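J.: Handing you this structure, nothing more for now.
Chains as they are written, first to last, in my numbering: chain A, 1 to 322; chain B, 323 to 613.
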């Protein structure tokens, strides 16, 4: 029995943990921007952590349930109601057939993850239900959900009243600190530009979506002089088109850094100065436009320690709910 | 050619075979990415070959990044000794140059272009030293192209022309990327041509459009039933200029399932090509014309 979409929100889409294996054809991994929040929501309702849920950005949807289900919403701080009665975030609750889940105004963060017992059961494409609108893959007909959609769910019930302890509800600070491992084409920058990138405070630009987050406000980055290699293009920020890493930071023309996210383009002709470490990718998914951000330089061992810490956080949630 | 290894965050190793584009760098990068695939290193989740570089995505919890780097570097000698030849296919792609749809888009984004008074084609012709747009178009389609990368967005091929470097066409990208590009636009940036597989943002100059879909997630197109993406690295392409009537005919044939792209299997040997480019291309064309 499906969910009925009364109001879709701004851009709400079905997402799971993505479709690895096709980036060499330009099809990105996709999946939840904030995987920590999706995993936590799935744990709360008793799903596999990789089950598909709904990702809503800035504005929540309004959903009528046509069967009983257990639901949990994690991620951004956004008030929510079942038939007008407030329910708690990061906590599982029951919704009865005929009831409606709706949301108030966003307070902090950017994206909520709605997990429903049994998971969203739209047909997978290339092994994943994640919606990739550019390539018309996954989700509902390869697009974000729309008013009137009926969305199949796996069914079954979880346990209401389970909650993620407050200290394990991870989100970015303000200003947000995003850790960066310098690398890739870092050597294109002058020493002063490299220093300035980490010293300056940037803010999230309005152009921030699943493909990439743009930042502005820092100093213009200067490049080391060189004769441009054949095939690269004339601008000093150009390279011979190569692959892009997830989380890699390109700075076209040296002006506004763009961090590629889950729906990244797989390659292109702009230099990249390094990448956001894997542990901090989730945090980007929770940044609103105009949020101040500091990029923090780390080395590989620090990146791996942060990765282990994030993993340990998820394990603590598992343990708390066991 | 000097190979450079670097990390992209804690989950990627990026290997740049050469700073500049060449078929030698492409073949070395493809050989090495194949060697990495065959080595089956624990933790590797994606291997993406590009024009003159490739990238390995891996899980650092399975194999430590330093160890992964060491294992990848070890394979470089295999790429150096690999034969630079492949059995591949040559495909004829019809192109309607100066079509009304990309022209409309060219005019809509004029303020983002180096030459707001002209068109993308008149600008490209001028900066490459051609007297007329027609002569430039002929240079674009007279010799075949090599697919040196698939990516950017779903199924988009980057193509490198099989001619001497002094005959390569080069154009910059738009000053600022467009927010729109018609689906199936034949574009150009740096020394690469491309086909936009889907509608969307783009920074390449726009020359024309093909009626032939190259990406179909529903897999309804007759020649995309096995897989939704048409191109793979190493494919060879010959553009065939067509007019509006032919464009409409092919579009209708694609829609009713009767369109079959002209394709021939060929061998491509880089040494033979470097020794005799015109002769090699003539043989490729012979195979295509016999198909």
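Glycine residues also receive a C-beta, built at the ideal position from the N, C-alpha and C atoms.
Please read all numbers here as calculations on a predicted model, not as lab measurements.
(1) Between which two residues does the alpha helix (DSSP H) carrying residue 458/B extend?
(2) If you drop the 5 nearest sequence neighbours on each side, which residues of the same chain put their C-beta closer than 7 Å to that of residue 294/A?
(3) With the cut-off set at 8 Å, would you say residue 255/A and residue 185/A are in Cβ contact?
(4) Around the Cβ of residue 329/B, are there at least 16 other Cβ atoms within 10 angstroms (buried) or fewer (exposed)?
(5) Which residues of chain B have a Cβ atom closer than 7 Å to the Cβ of residue 125/A, listed in chain order?
(6) If the cut is a Cβ gap below 7 Å, which residues of chain B does residue 136/A touch?
(7) Any idea if residue 10/A is buried or exposed, counting beta-carbon neighbours within 10 angstroms, 16 or more meaning buried?
(8) Using a beta-carbon distance below 8 Å, is residue 387/B in contact with chain A?
(9) I'd like the span of the alpha helix (DSSP H) that includes residue 392/B, first residue to last.
(10) Report the residue ranges of all beta strand (DSSP E) runs contained in full by the stretch 352-422 of chain B; include only those spanning at least 3 residues, in chain order.
(11) Give the DSSP bridge partners of residue 15/A, in chain order.
(12) When the distance is taken between beta carbons, is residue 455/B closer than 8 Å to residue 444/B?
(13) For residue 540/B, count neighbouring Cβ atoms within 10 angstroms of its own Cβ and tell me buried if that reaches 16, exposed if not.
(14) Would the beta-carbon of residue 262/A fall within 8 Å of that of residue 31/A?
(15) Does the beta carbon of residue 194/A come closer than 8 Å to any beta carbon on chain B?
(16) Given this structure, state the Cα-to-Cα distance separating residue 239/A from residue 79/A, to the nearest angstrom.
(17) So, at 8 Å on beta carbons, what are the nonlocal neighbours of residue 417/B in its own chain, with the 5 sequence-adjacent residues on each side left out?
(18) Would a check of beta-carbon distances place residue 102/A closer than 8 Å to chain B?
(19) Between residue 613/B and residue 559/B, what straight-line distance do the alpha-carbon atoms span, to the nearest angstrom?
(20) Taking the straight line between their C-alpha atoms, what separation do you get for residue 203/A and residue 214/A?
(21) Given a cut-off of 8 Å, decide if residue 179/A and residue 277/A are closer than it, judged by their beta-carbon atoms.
(22) List the residues of chain B that residue 265/A touches, going by C-beta distances under 8 Å, in chain order.
(23) What distance in whole Å lies between the Cβ atoms of residue 264/A and residue 28/A, which are believed to be in contact at a cut-off of 8 Å?
(24) Count the other CB atoms, across all protein chains shown, that sit within 10 Å of the CB of residue 409/B; report buried if there are 16 or more and exposed otherwise.
(25) Report, in whole angstroms, the separation of the C-beta atoms of residue 298/A and residue 181/A, which I expect to be a contact under 8 Å.
(26) Less than 8 Å between CB atoms is the rule here; does residue 163/A satisfy it with respect to chain B?
(27) Does residue 329/B have its Cβ less than 8 Å from a Cβ in chain A?
(28) Using only the alpha-carbon positions, how far apart do residue 42/A and residue 72/A sit?
(29) How would you call residue 13/A, buried or exposed, if buried means at least 16 neighbouring beta carbons within 10 angstroms?
(30) Against residue 20/A, what residues of chain D qualify as contacts under a CB-to-CB distance less than 7 Å, listed in chain order?
(31) Please list the partners that residue 511/B has in chain A, where partner means a Cβ-to-Cβ separation under 7 Å.
(32) Does the contact criterion of 3 or more C-beta pairs under 8 Å hold for the stretch 394-402 of chain B versus the stretch 413-428 of chain B?
(33) I need the boundaries of the beta strand (DSSP E) containing residue 569/B, first residue and last residue.
(34) Is the shortest distance between the beta-carbon of residue 229/A and the beta-carbons of chain B less than 8 Å?
(35) Counting along the chain, where does the beta strand (DSSP E) carrying residue 241/A start and finish?
(36) If you draw a straight line from the C-alpha of residue 208/A to the C-alpha of residue 110/A, how long is it?
T.: The answer reads as follows:
(1) 455-464 is the span of the alpha helix (DSSP H), which, as asked, contains residue 458/B.
(2) Only 175, 177 and 201 meet the Cβ criterion.
(3) Taking 8 Å as the cut-off, the Cβ atoms of residue 255/A and residue 185/A do not count as close.
(4) Classification for residue 329/B: buried.
(5) Under the 7 Å cutoff, chain B gives 539.
(6) Per Cβ cutoff of 7 Å: 539.
(7) Burial state of residue 10/A is exposed, judged by a 10 Å Cβ sphere holding fewer than 16 other Cβ atoms.
(8) Flagged as an interface residue toward chain A: residue 387/B, by a C-beta distance shorter than 8 Å.
(9) 387-395 is the extent of the alpha helix (DSSP H) around residue 392/B.
(10) DSSP runs (the beta strand (DSSP E)) wholly in the stretch 352-422 of chain B: 366-371, 375-380 and 407-419.
(11) According to DSSP, which records beta bridges pairwise, residue 15/A is partnered with 53/A.
(12) Contact: yes.
(13) Exposed: under 16 other Cβ atoms inside 10 Å.
(14) Yes, Cβ-Cβ distance for residue 262/A and residue 31/A is below 8 Å.
(15) By this cut-off, residue 194/A is not an interface position.
(16) Their Cα atoms are separated by approximately 46 Å.
(17) Around residue 417/B: 463, 508, 529, 530, 531, 532, 561, 562, 563 and 564.
(18) Taking Cβ atoms only, chain B never reaches closer than 8 Å to residue 102/A, which makes this a no.
(19) C-alpha separation (whole angstroms): 14 Å.
(20) Going by the C-alpha atoms only, they are around 9 Å apart.
(21) Their beta carbons are under 8 Å apart, which means residue 277/A touches residue 179/A by this criterion.
(22) Here the neighbours are 473, 474 and 475.
(23) Contact check for residue 28/A and residue 264/A: beta-carbon distance about 5 Å, within the 8 Å limit, so the pair qualifies.
(24) Under this definition residue 409/B is an exposed residue.
(25) With a Cβ gap of about 6 Å, residue 298/A and residue 181/A count as contacting.
(26) Not closer than 8 Å to any Cβ of chain B, the Cβ of residue 163/A fails to qualify, so no.
(27) Yes, because at least one Cβ of chain A sits closer than 8 Å to the Cβ of residue 329/B.
(28) Distance between the alpha carbons of residue 42/A and residue 72/A: 7 Å.
(29) Per the 10 Å Cβ criterion, buried.
(30) No chain D is present in this structure, whose protein chains are A and B.
(31) Simply 233 and 269.
(32) These segments do not touch.
(33) Boundaries for residue 569/B: no beta strand (DSSP E) harbours it, while the alpha helix (DSSP H) harbouring it runs 566-577, taken from the DSSP string.
(34) It does; some Cβ of chain B falls within 8 Å.
(35) It spans 238-243 - the beta strand (DSSP E) in which residue 241/A sits, taken as one unbroken run.
(36) Answer to the nearest angstrom: the Cα atoms are 11 Å apart.
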